[in-house]
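Listed in order, the protein sequences are those of chains H and W. FYI, in this note's numbering the residues of the first sequence are 69 to 308. FYI, in this note's numbering the residues of the second sequence are 69 to 308. Only one structure is covered here, and it is reproduced in the block below.
Number of protein chains: 2
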Amino acid sequence: MLEKSALILECFIPSGGPYRLSELSERAGLPKPTVHRLAADLVRLGWLERAGHLYRLGAKLFELGSLVPHRLDLRETALPFLQDLFEATRETVHLGVREGLDVVYLERIHGHEALRLPSRIGGSLPLNCTGVGKALLAFSGAELTEEVLSRPLPSLTPYSITDPARLRMALEKIQVSGLAYEEQEAALGVSCIAAPVFAGGTTVAALSVAVPRSRFSPAQLAPAVRTAALGLSRVLRRSG
Amino acid sequence: MLEKSALILECFIPSGGPYRLSELSERAGLPKPTVHRLAADLVRLGWLERAGHLYRLGAKLFELGSLVPHRLDLRETALPFLQDLFEATRETVHLGVREGLDVVYLERIHGHEALRLPSRIGGSLPLNCTGVGKALLAFSGAELTEEVLSRPLPSLTPYSITDPARLRMALEKIQVSGLAYEEQEAALGVSCIAAPVFAGGTTVAALSVAVPRSRFSPAQLAPAVRTAALGLSRVLRRSG
DNA sequence: AATGTTTGTTCCGTGACACGGAACAACGCG
DNA sequence: CGCGTTGTTCCGTGTCACGGAACAAACATT
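Spelled out as structure tokens, the structure:
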């Protein structure tokens, strides 16, 4: 029953948008009466909401999701630095952590001009396709690198690095420079520069700035990203 | 079973912090073996995480919570204006919506100096105790006002407005000026100024700036808050 | 070290209730 | 009006959730 409920809720990943009963039934692979009954229970609990015949994720999930501890803590201490970075660049700023072979975004702030990006708060993307991901990968130890390189490399655009040898070289450059560059590997027309965040000797996160390719000027962005990442690392070292 | 699971998860509101099995058992009002079994299931599904003997909310909840539609949409379109407001004031900025007789915060951004506030993203507070709440209340119709006034008014500090007559007068002032002021009603030493956000004739949200009482200068903050709220209202009118 | 106390865990017989096929009802479409 | 689709109700069957009791493991106290 719990498992079936989870299947229903996970139908809303990643699109979130409202679904009808039959869609849920099909996507979850559960018979219609079952979905009907469970969805009604979920609505009663606030996990789902129902408008007419459309179901959507409920407010309770938002409340609970906002409380997930390590996500919350890191986001909270990182926020001031993300703000600094945003003010310095006025571009879209990301904060992400590693989860398995993916990067999960904890925060993403931007101005009035919103880039069309695959990144989403709470969403995950392959490590090798994003600036944040490459920064995390380059500083998370050789075992992880080999693990990633041992499998086929997913891609988000034709520019994504899918050649293991090229990725290995890219990671080495990142390790030397302390900065990860990414050009149209996550989204066409968008470039990105990222830096790792350390705490207690390990890489706990990375942050990045994503800009339209036309405006990409590493010389100006690099210092800002590095400064923010170092500042955050220093605070994390102090607090835990 | 779903209900019992919900009870367990709701133990993490509002503190979020890790709990041991017995604490969960007591807080949820469920027998220990039951919690043990359900918690194991929840861990398997990614809704809870377990480190040693401590349970915490899991990553899946964060992911699902980040997808809750209307929360997400409003947050996304409001973010640029919150950024503007933050840059203009460099103070803690809130975005909140009404839910029943409470205000629920959708976003809260701040700089390096973090105020000690009861507000929390995803958390709710009484309408009458906060700037955002009063702004929402003042522009949500007379029925709601009467509903709120018909019950005992909760308080967060000794300065919270608990006298119905005083609240009614305060709301009238807010309706005239279009701005809600709040002084130490939510947290001691913190003042706040808020403005409603409209879309399609109704009040859909409110945003605010919270500052240490010592630095509170309405003359400078008011235009910024008003500008941000109007800007957001305009965009919402355009997009839906 | 020996004791009591609390906490996490396993076991298992009982009974409630989740399950989903089948039948029904309410649309929307041509 | 008939037809496909969708949401909903019903209900007999069998499963699996339930939680008391018993056990084990970790601490606290003397």
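Ideal Cβ placement from N, Cα and C applies to all residues, glycine included.
Find out if the Cβ-Cβ distance for the pair residue i, residue j is shorter than 8 Å.
i                      : j                        : result
leucine 125 (chain H)  : tyrosine 87 (chain H)    : no
alanine 278 (chain W)  : histidine 162 (chain W)  : yes
alanine 254 (chain H)  : leucine 224 (chain H)    : yes
valine 293 (chain H)   : alanine 262 (chain H)    : yes
leucine 70 (chain H)   : tryptophan 115 (chain H) : no
proline 264 (chain H)  : alanine 210 (chain H)    : no
leucine 247 (chain W)  : alanine 287 (chain W)    : no
leucine 147 (chain H)  : glutamate 175 (chain H)  : yes
leucine 129 (chain H)  : leucine 92 (chain W)     : no
glycine 199 (chain H)  : glutamate 250 (chain H)  : yes
leucine 135 (chain W)  : threonine 160 (chain W)  : no
leucine 221 (chain H)  : threonine 213 (chain H)  : no
arginine 158 (chain W) : glycine 179 (chain W)    : yes
Give the C-beta separation of residue i and residue j to the nearest angstrom, bearing in mind that I take them to be a contact with Cβ-Cβ under 8 Å.
i                        : j                           : result
leucine 170 (chain H)    : leucine 140 (chain H)       : The sequence given here has aspartate at residue 170 (chain H), not leucine. Not a contact, Cβ separation roughly 20 Å.
isoleucine 189 (chain H) : phenylalanine 154 (chain H) : Contact doesn't hold; Cβ gap of about 15 Å is too wide.
leucine 217 (chain H)    : leucine 235 (chain H)       : 7 Å
leucine 113 (chain W)    : leucine 98 (chain W)        : Going by Cβ atoms, the distance from leucine 113 (chain W) to leucine 98 (chain W) rounds to 18 Å, so no, they are not a contact pair.
serine 228 (chain W)     : arginine 166 (chain W)      : Not confirmed; about 18 Å, so no contact.
arginine 281 (chain W)   : valine 258 (chain W)        : 6 Å
glycine 85 (chain W)     : proline 137 (chain H)       : 7 Å
lysine 100 (chain W)     : leucine 110 (chain W)       : That pair is no contact at about 15 Å.
Between the options, which has its C-alpha nearest residue i's C-alpha?
i                           : options                                   : result
serine 192 (chain H)        : W:Ala127, W:Phe266, W:Arg219 and W:Thr230 : W:Ala127
glycine 268 (chain H)       : H:Glu117, H:Phe149, H:Arg283 and H:Leu304 : H:Leu304
serine 83 (chain W)         : H:Leu106, H:Glu131, H:Leu89 and H:Thr145  : H:Glu131
phenylalanine 149 (chain W) : H:Cys260, H:Val111 and H:Ala182           : H:Ala182
proline 226 (chain W)       : W:Gln252, W:Val244 and W:Gln243           : W:Gln252
phenylalanine 266 (chain H) : H:Lys241, H:Gly164 and H:Cys197           : H:Gly164
glutamate 94 (chain H)      : H:Arg105, H:Leu106 and H:Cys79            : H:Cys79
arginine 302 (chain W)      : W:Leu106, W:Arg105, W:Thr145 and W:Ile81  : W:Thr145
glycine 201 (chain W)       : W:Ile81, W:Cys260 and W:Leu106            : W:Cys260
leucine 298 (chain W)       : W:Asp152, W:Ala96 and W:Leu106            : W:Asp152
Taking all protein chains shown into account, do 16 or more other C-beta atoms lie within 10 angstroms of the C-beta of residue i, making it buried, or fewer, making it exposed?
i                       : result
serine 187 (chain H)    : buried
arginine 143 (chain H)  : buried
serine 307 (chain H)    : exposed
serine 285 (chain H)    : exposed
alanine 296 (chain H)   : buried
arginine 117 (chain H)  : Per the sequence shown, the amino acid found at residue 117 (chain H) is glutamate instead of arginine. Answer is buried; the Cβ neighbour count reaches 16.
valine 103 (chain H)    : buried
arginine 120 (chain H)  : Checking the displayed sequence, the identity of residue 120 (chain H) turns out to be glycine instead of arginine. Glycine 120 (chain H) comes out exposed.
valine 172 (chain H)    : buried
glutamine 243 (chain H) : exposed
alanine 108 (chain W)   : exposed
threonine 270 (chain H) : exposed
serine 73 (chain H)     : buried
serine 276 (chain H)    : buried
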